[in-house]
Structures are given as C-alpha cells and as structure tokens.
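Residue numbers (the numbering used here): 23 to 299.
Dropping the structure here:
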C-alpha cells in the first residue's frame with residue numbers, strides 16, 4: 023500500500039514538474055502547507071527508490087522462491103511432476119566432483135543453460151584450490167549434493183563411521199558455500215537403514231538414479247557415451263541421469279544435453295524438486 027501511495031505521489035510530482043509555469047498570481051496563492059506536502063512527496067519517492075534498489079537498512083529485496091512442482095519417485099528414482107508440471111523432463115547429475123573436469127562441465131552446462139546437481143566427495147576438497155573450484159560451481163547456480171567423504175561402501179561401515187562420512191562432508195560443504203546439501207547419494211547407490219535415517223535428520227532427500235554408463239569400459243569415449251546417454255532404452259519422462267567427473271563424459275556433455283533436447287526433453291532445475299523441510 024505504501025509503494026502504491028508513493029508511486030502515485032511521485033506521478034503527481036512528475037506531472038507538476040512537466041507542466042507549464044504558473045503565473046505570479048497563481049504562485050502567490052500557494053501555501054506553506056503545499057510546499058511541505060511536495061517535500062514529503064519527494065521524500066516518499068526517494069524512499070521508494072531506495073527500497074527498489076535494496077539499499078535500505080531492511081536489506082535487499084527477497085529473492086523469488088522457486089516453485090516445488092516435482093518430487094522424487096523412490097520406486098525407480100525418476101523425477102515426477104506434481105499436478106500440471108511438464109512431464110517430459112530429465113535431471114542431470116554429476117558424481118565424484120570436483121575432481122579434474124567438474125569446473126569445465128559446470129561452465130559448459132551454464133553456457134547451455136542446463137541445470138544439474140554436482141554430488142561431491144570430501145577427498146576432492148582437501149586443498150584451497152579444490153574448495154575454490156567447488157565455490158565457483160556453486161556460484162554458477164548449481165546445487166551441491168552429498169556423496170560422502172571418501173566414497174566408501176556404507177554397508178561396510180559401522181554407524182559411527184557412516185555418520186562421519188556423511189556429516190563431515192556436510193560440514194565441509196557448508197564451510198565452503200555457506201549452505202548444507204539438500205540431496206544425498208550413497209556410493210554405489212547402497213544406502214543402509216542408518217544412512218537413510220541420518221539423511222532424514224539432516225533434511226537431505228535420498229537420490230539414486232535411473233541410468234548411467236560412463237564407468238563401463240565400452241562407454242569410455244566421447245562418441246559411445248553420447249550415444250548411450252541419448253538413446254538409452256531407459257530414457258523416459260523424468261529420467262534421473264547419472265554421470266561422473268571423467269574425461270570422456272566431460273567431452274561428451276554438450277552433445278548429450280543437445281541430444282536430449284532434440285528429443286524434446288527439458289533439463290530440469292533441481293531447485294524445483296520437493297525436498298525435506
């Protein structure tokens with residue numbers, strides 16, 4: 023209501039400034055009250071301008087909250103629409119980051135305006151340079167997921183060891199980017215009862231995948247991994263695509279995204295997926 027009033031007053035002031043000058047007699051009829059009113063109008067206009075620019079003491083204007091119109095289907099790990107959202111989507115995910123190629127992969131995806139989740143391991147965040155790489159990926163707008171500290175099989179670890187693997191990475195990620203991961207992907211897709219419980223306590227949604235191939239020998243070159251990712255028999259609406267920070271996948275990534283889009287698939291923004299609150 024204040025903004026509407028301020029805008030209306032500003033318009034009146036602008037109209038007044040653009041009109042022809044009044045005569046001497048008309049000016050003599052103006053009262054001190056009118057001058058005070060105009061001064062108040064100017065102040066209102068200044069305040070409104072400051073609010074729009076985010077320079078007031080109250081801080082910047084709040085960011086627009088992304089609509090959560092998709093959910094994870096834990097029966098097959100696809101991403102399903104809620105109500106009337108587009109069904110023909112795929113989710114891009116990159117595991118074992120940030121190793122050698124994650125930053126370039128992020129740059130390529132950014133150029134294509136293709137969102138993704140980068141699932142990171144703590145042993146790739148040991149140096150200041152690696153932490154800076156993670157920060158750059160996050161600052162480009164990509165979500166960062168938890169893929170455990172050392173990529174050990176959780177089924178081979180005690181509850182205490184699992185806790186260390188998961189929570190220490192959450193703490194590390196938060197120290198670098200200022201927020202904790204919203205998604206958890208267990209190494210080899212092997213969750214335990216305890217890891218599921220812990221993820222829920224940390225308000226992380228579990229996420230495995232629909233299909234992926236780049237760890238198999240026959241797909242470890244650009245052409246082969248491109249072809250199978252775009253033409254997989256498992257490609258369907260809501261497919262959750264697993265890729266890794268690897269040379270051949272990085273080389274193929276642009277062609278993979280273009281190939282999926284040529285088939286009519288939207289690369290889904292993971293911020294639109296409903297997570298644990």
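We treat Cβ as the ideally placed atom computed from N, Cα and C, and that holds for glycine.
Just so it is clear, the structure is predicted and the values come from calculations on it, not from any experiment.
| said: Run through the DSSP bridge pairs and tell me what residue 289 is partnered with. | reply: 112
| query | In angstroms, rounded to a whole number, what distance separates the CA positions of residue 287 and residue 131? | reply | Between the C-alpha atoms of residue 287 and residue 131 there is a straight-line separation of about 15 Å.
| message | Going by C-alpha to C-alpha distance, which of 98, 102, 297 and 100 sits closest to residue 224? | response | 297
| request: My understanding is that residue 231 touches residue 191, with C-beta atoms under 8 Å, so please give their C-beta distance in whole angstroms. | output: That pair is no contact at about 19 Å.
| Segment limits, beta strand (DSSP E) that includes residue 100 | 100 to 103
| query | When you compare only the Cα positions, how much space is there between residue 119 and residue 157? | reply | Between the alpha carbons of residue 119 and residue 157 lies a distance of about 12 Å.
| What's the gap between the Cα of residue 185 and the Cα of residue 110? | About 37 Å.
| task | List the endpoints of the continuous alpha helix (DSSP H) containing residue 216. | result | 215 to 223
| request: With DSSP as the reference, label residue 128 as helix, strand or coil. | output: DSSP places residue 128 in the helix class (H, G or I) of the three-state scheme.
| Close-in-space but distant-in-sequence residues of the same chain around residue 129 (CB under 8 Å, 5 per side omitted) | Residues 162 of the same chain have their beta carbon placed closer than 8 Å to that of residue 129, with the five preceding and five following residues left out of the count.
| request: Can you tell me which of the three DSSP states residue 95 falls into? | output: strand
| query | Within the chosen definition, does the stretch 235 to 249 reach the stretch 262 to 282 through at least 3 CB pairs nearer than 8 Å? | reply | yes
| request: Please classify residue 118: does DSSP put it in a helix, a strand, or coil? | output: Correct three-state label for residue 118: strand.
| Who are the near neighbours of residue 175 in its chain, counting only those whose CB is closer than 7 Å to its CB and skipping five residues on each side? | Counting only Cβ-Cβ distances below 7 Å, and skipping sequence neighbours, we find 209, 210 and 212.
| field | The beta strand (DSSP E) enclosing residue 263, as first and last residue numbers | value | For residue 263, the enclosing beta strand (DSSP E) has its first and last residue at 261 to 266.
| Nearest candidate by alpha-carbon position, reference residue 299, set 222, 254 and 292 | Looking at the Cα atoms, 222 is the closest of the given residues.
| query | Does DSSP classify residue 278 as helix, strand or coil? | reply | It is helical.
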